[in-house]
Amino acid sequence: MKRFVLIVLALLLVVSFGLNAQEENKKLKPDEAEQLIQQYTQQAEQLKAQLDQEKATVTDLQAEVDSLKNVIDELNAKIAELEKQIEEQSYYVVKPGDWLSKLAEYPDVYGHGNYARWRE
Numbered sequence: 028m029k030r031f032v033l034i035v036l037a038l039l040l041v042v043s044f045g046l047n048a049q050e051e052n053k054k055l056k057p058d059e060a061e062q063l064i065q066q067y068t069q070q071a072e073q074l075k076a077q078l079d080q081e082k083a084t085v086t087d088l089q090a091e092v093d094s095l096k097n098v099i100d101e102l103n104a105k106i107a108e109l110e111k112q113i114e115e116q117s118y119y120v121v122k123p124g125d126w127l128s129k130l131a132e133y134p135d136v137y138g139h140g141n142y143a144r145w146r147e
């Protein structure tokens with residue numbers, strides 16, 4: 028079965044190449060050839076113009092990407108700075124025997140003698 032399918036495919040390929048060869052053997056008339064040359068020249072010019080437009084678009088987009096990369100780098104630096112600040116923050120760990128009014132008297136909380144303000 029597989030051989031049959033392969034043979035049929037091979038025959039179809041041979042026939043299709045034969046038909047293409049016959050079409051290629053047809054000679055063009057000079058007028059037709061000039062017309063095709065003009066058509067392909069116009070197509071080439073249009074594609075070159077389109078290519079120039081696309082190059083300009085790519086250049087603009089590349090500039091935008093570069094500016095966005097700079098913004099990302101700045102934001103990453105800011106994130107690193109903030110994470111460093113978080114690490115530098117001192118935290119007090121409550122120990123057995125601590126009470127709220129004692130903690131409120133620390134200078135960085137309410138200060139000495141102001142422990143009653145802890146309710147605020």
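Quick note on this note's numbering: the sequence shown kicks off at 28 and runs consecutively. By construction, the Cβ of each residue, glycine as well, lies at the ideal position given by its N, Cα and C atoms. Quick caveat: nothing in here was measured; it's all calculated off a predicted structure.
Test: K111 CB closer than 8 Å to a CB of chain B: Checking the listed chains, one finds no chain B in this structure; it contains a single protein chain.
Delimiting residues of the alpha helix (DSSP H) encompassing D58: P57 to E115
For K129 and Q112, the rounded distance between their alpha carbons: 27 Å
Spatial neighbours of T68 in its chain, beta-carbon cut-off 8 Å, leaving aside the 5 residues before and after: none
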